[in-house]
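According to numbering that gives the first Met the number 0, the stretch in the sequence shown is residues 0 to 297, in order. Think of the CB as a built atom: it goes at the ideal place given N, C-alpha and C, for glycine as much as any other residue. Note that this is a predicted model, so its numbers are computed, not measured.
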Amino acid sequence: MKRIAFIINPISGNGTQADEITYELLQTYFSNKDYEVRRQIIERKGGTSELVQQAIDWNADIVVACGGDGTINEVARHLVETNMTLGIIPRGSGNGLASHLKIPKHIGDCLHIIKNGLSISIDTAMAGDIRFFSNCGIGFPAELIHQYELIPQRKLSGYFKAGMASLKSISNAQELRIRCNGQEVFSRHLFISNSNRMGYNMTLGPAASLRDGLLDVQIIPYRTLLGFGVFGMASLIRKGHLLRKVSNVLSANIEIEGSHPLQIQADGEFHVLEQSKITIINQPASLRVLVLNENKIP
0 MKRIAFIINP ISGNGTQADE ITYELLQTYF SNKDYEVRRQ IIERKGGTSE
50 LVQQAIDWNA DIVVACGGDG TINEVARHLV ETNMTLGIIP RGSGNGLASH
100 LKIPKHIGDC LHIIKNGLSI SIDTAMAGDI RFFSNCGIGF PAELIHQYEL
150 IPQRKLSGYF KAGMASLKSI SNAQELRIRC NGQEVFSRHL FISNSNRMGY
200 NMTLGPAASL RDGLLDVQII PYRTLLGFGV FGMASLIRKG HLLRKVSNVL
250 SANIEIEGSH PLQIQADGEF HVLEQSKITI INQPASLRVL VLNENKIP
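See below:
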């Protein structure tokens, strides 16, 4: 008998998932004869880890994260290098990882994947001691998320407001020493992609793969409003990586050093670190996740 634990964030996205994903609905997909199902609601900030640990102690075969990229990150980080498989029901505003994995937002379609889908291995990554699955960034990308977190309503328009509030970081961000593939460069801003999607189907690393053992490193050299404006417009049409001044590098690990403690974003969450130097590494094939069609996942 297969055990499935559903962990639901009731406030992600439009906030209707707790009412929609009922035991009655789950029983129509997962019969009591073949499955044991647990349905748990995240009731407070920081409660996700406790629920995942309960699922681990219960010896769940599949742990399903129902929420946005933040919720998926909180659940998935505990499943890395285990024999448990991650299921995803994307209910956030952005849903970057789910988009890369071709997982739709419709709950019924997601339950079909959880029941009948294929389990594949994907790469994960660490920025110091912070786990991420889709992307991380330093400089302007980190400040953008910092400002976005201050906006009550998480919508696409919030990113434009956050972007305007982050303009000061273009010239004020600290200089970074970046080492990868035996080379050393300096820049104030960089973005590292493990997957090829951010929220709202946007991308800065369209060629990034969750299965190649490498990270797509994008070093952004611009220090003026005009330069970043051009980069931003190009990125909106998925062409930012083609700009002549932007450096794109594939690497399994990256060393980053600043003059004072770093601030980063990882999977859309802002972090203030205690250290001024970190290593970002790819951990190949370290997480099992359910998808519909393995051949469609880069």
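What whole-angstrom Cβ distance do residue i and residue j have, given they're in contact under 8 angstroms?
i       : j       : result
Ser-186 : Ile-218 : 5 angstroms
Ala-265 : Ile-112 : Actually they are not in contact, since the Cβ atoms of Ala-265 and Ile-112 sit about 26 angstroms apart, beyond 8 angstroms.
Glu-256 : Leu-175 : 7 angstroms
Ile-55  : His-77  : 7 angstroms
Ile-41  : Asn-8   : 5 angstroms
Gly-212 : Pro-283 : 4 angstroms
Ile-327 : Ala-75  : Not covered by the structure: residue 327. The range shown for the chain is 0 to 297.
Is the distance from the Cβ of residue i to the Cβ of residue j below 8 angstroms?
i       : j       : result
Ile-150 : Ala-161 : yes
Leu-224 : Ser-118 : no
Asn-193 : Thr-202 : no
Asn-247 : Asn-281 : no
Gln-26  : Cys-65  : no
Ser-92  : Gly-12  : yes
Gly-67  : Arg-90  : yes
Leu-291 : Lys-101 : yes
Gln-178 : Asp-122 : Reading off the sequence, residue 178 comes out as Arg, not Gln. No, these two residues do not count as a Cβ contact at 8 angstroms.
Leu-189 : Phe-132 : no
Val-63  : Ile-6   : yes
Phe-139 : Ala-172 : yes
Asp-215 : Gly-204 : yes
Ala-126 : Ile-277 : yes
Ile-263 : Gly-69  : no
Leu-1   : Tyr-28  : A small correction: the amino acid at residue 1 is Lys; Leu does not occupy that position in the sequence shown. Contact: no.
Phe-269 : Glu-183 : no
When burial is assigned at 16 or more other CB atoms within 10 Å of the CB, is residue i buried or exposed?
i       : result
Ser-258 : exposed
Arg-43  : exposed
Val-271 : exposed
Ala-4   : buried
Ala-306 : The displayed coordinates of the chain run from 0 to 297. Any statement about residue 306 would go beyond what the structure contains.
Thr-47  : buried
Pro-260 : exposed
Glu-293 : exposed
Met-232 : exposed
Thr-81  : exposed
Glu-73  : buried
Tyr-22  : exposed
Gln-52  : exposed
Met-197 : buried
Asn-115 : exposed
Gly-45  : exposed
Ser-30  : exposed
Gln-146 : buried
Using a Cβ-Cβ cut-off of 8 angstroms, state whether residue i counts as contacting chain D.
i      : result
Thr-15 : Absence of chain D from the displayed structure is noted, only one protein chain being present.
From the DSSP output, which residues share a beta bridge with residue i?
i       : result
Ala-126 : Ile-129, Ile-279
Gln-264 : Gly-136, Phe-269
Ser-192 : Asn-134, Asp-215
Lys-1   : Tyr-34
Asn-247 : Gln-217
Val-184 : Ile-177
Asn-252 : Ile-280
Val-288 : Leu-85, Ile-119
Gln-52  : Its beta-bridge partners do not exist; DSSP assigns none.
Ile-40  : Ile-7
Between residue i and the ligand COA, is the CB less than 7 angstroms from at least one heavy atom?
i      : result
Asn-72 : This structure simply doesn't include the ligand COA, nor any ligand for that matter.
Exercise. Which runs of the alpha helix (DSSP H) spanning at least 4 residues fall entirely within the region 61-125, listed in chain order?
Worked result: 68-75, 95-99, 106-115
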